[in-house]
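In the numbering used here, the protein residues as written are 73 to 485.
Below is the structure:
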C-alpha cells in the first residue's frame, strides 16, 4: 500500500507538468486577436496558427509511441517539456506567419511527446484503472485550461501580447526541476505482467487485438479525428468569435473559455464511468450533448457572458470530460497491453493531425457562411459523426475482467 501511495505521488508530479502543457495549448487562442493585429494576419491565418500545433502533436504521436520502446518514458517526458517550453518562449519573437507557424508546430511536437509518454506511464502502471489514469491527464488539462486563459489575459492587460508566451515558456524549467529527482524508474518504466493467479486476465489479453490496425482501434481513431475537429474548432476560434462578433473584452472571453476547462475537470468521473460501463454508449450520449452545446456556443445567447460560460462548461464536461477520456482509454483498451504505448500514439495522432486544420477550416467556413452556421457545421456536425462512429466500434477490450491483483503484477521495463 505504501508503494502505491508513492506511485500516486509521482504520478501527481507528472500531472503537474501536464498543467503547463495545457496552459501552453490554451494560451494562444485568447491572444489570437492581438497576435493577428500585431502581425497583420487574416482570420483564416490566425485560425491556422491557433491550431497548427496539433499537427505537430499528431505527426509526433505514433513515432513517439515507437520511441518509447527505445528510450525511457521519463526521458521522453523531459525532452517533450524542453521542446514545447522553448517553442512557446520563441513564439513571443515571431515576426510573421512563417516563423509563427513554425514555433507553434514545434510546440506541438514537444506536447505530443509528453502526452504520449504520460499516457503510457499511467495506463501501464494502473492497469485496472486505465480510463481513470487517462482521464486524470485531461483533468489536469482542465486545470491548465482554467489558469491559462485567465492568467494570460491578466498578463496581457498589464504588459503586452509577448509577455504571456515568455512567462509560460520559462515555467517549463520548474517542472523539469521537480521531475528529475522525484520520479523513479520503477514507476515510470513499469510494465504489467500476465497474472499468475487466475485465467481472467489471460483470457482478456487473448481477446484483445494484437494489431493496432484492427477494426475496433481504427474505427475509434476515426471517431477521435472528428471529435478533434469539433474540439479545436471551438478552442481555436471561439474566443475570436466572442471578441470580434460579440464585442467581449479579452478578460470576458478568457472567462468564458475557462469554463471549458472547468468542465474538463469531470474527466475523472468520465474515466470512472468508462471503466465500469459500456464506454461506447457513454461516448455516443456525450457526443450528442457536445453537438448541442457546441452549436449553441456560436449563437449570441443574448450577449450574456453567463450563458456563454454555462455552455462552455457543458461542452467541456461532455467532449473533454467524457469523450476525450473514453476515446483515449478505449483505443488503449482495444489492443493488447504490449501495444499500449503504440495505442497512445495512435490516439494522439488521430486527435491532433486533423485538429491542426480545425481553426483554418472554421475560418474558411465563416467567410462563406456566418459565425453561427460555421460553428454548427463544424463543431456540431463533427461531434455527431464521431457519435455514430463510436457506437459502431467493437467492444473487445484488453482489461475486461482483469482481477484485482493486476496492478501489483509489474516489473521494471
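The C-beta atom is built at its ideal place from N, Cα and C for all residues, glycine as well.
Just to confirm before moving on: does the CB-CB distance between residue i and residue j stay below 8 Å?
i           : j           : result
residue 152 : residue 418 : no
residue 407 : residue 289 : yes
residue 311 : residue 329 : yes
residue 431 : residue 119 : yes
residue 361 : residue 321 : no
residue 176 : residue 405 : no
residue 111 : residue 172 : yes
What does the alpha-carbon distance come out to for the pair residue i and residue j?
i           : j           : result
residue 131 : residue 123 : 14 Å
residue 216 : residue 392 : 13 Å
residue 225 : residue 452 : 28 Å
residue 116 : residue 169 : 12 Å
residue 399 : residue 445 : 27 Å
residue 460 : residue 368 : 21 Å
residue 182 : residue 246 : 16 Å
residue 334 : residue 135 : 32 Å
residue 358 : residue 387 : 9 Å
residue 210 : residue 338 : 9 Å
residue 258 : residue 318 : 52 Å
residue 373 : residue 147 : 47 Å
In chain order, what residues of the same chain have a beta carbon less than 7 Å from the beta carbon of residue i, not counting five sequence neighbours either side?
i           : result
residue 161 : 237, 238, 241, 242
residue 342 : 207, 393, 394, 397, 398
residue 193 : 86, 145, 260
residue 428 : 123, 124, 126, 127, 130
I need the DSSP call for residue i, collapsed to helix, strand or coil.
i           : result
residue 428 : coil
residue 155 : helix
residue 85  : helix
residue 94  : helix
residue 262 : strand
residue 252 : helix
residue 124 : coil
Nearest to residue i by alpha carbon, out of the options?
i           : options            : result
residue 463 : 421, 299, 354      : 354
residue 255 : 457, 447, 80       : 80
residue 208 : 166, 394, 437, 435 : 394
residue 127 : 332, 139, 185      : 185
residue 140 : 110, 190, 112      : 190
residue 331 : 306, 351, 347      : 306
residue 385 : 218, 166, 109      : 218
residue 221 : 94, 436, 437       : 94
Output needed for residue i: all residues of its chain with C-beta closer than 6 Å, excluding positions within five of it in sequence on either side, in chain order.
i           : result
residue 293 : 418, 422
residue 91  : 212, 215, 216
residue 351 : 398, 402
residue 229 : none
residue 456 : 363
residue 323 : 225
Enumerate in chain order the residues of its own chain whose CB-to-CB distance from residue i is below 8 Å, with the five nearest sequence positions on each side excluded.
i           : result
residue 179 : 96, 125, 128, 155, 156, 159, 160, 163
residue 449 : 437, 441
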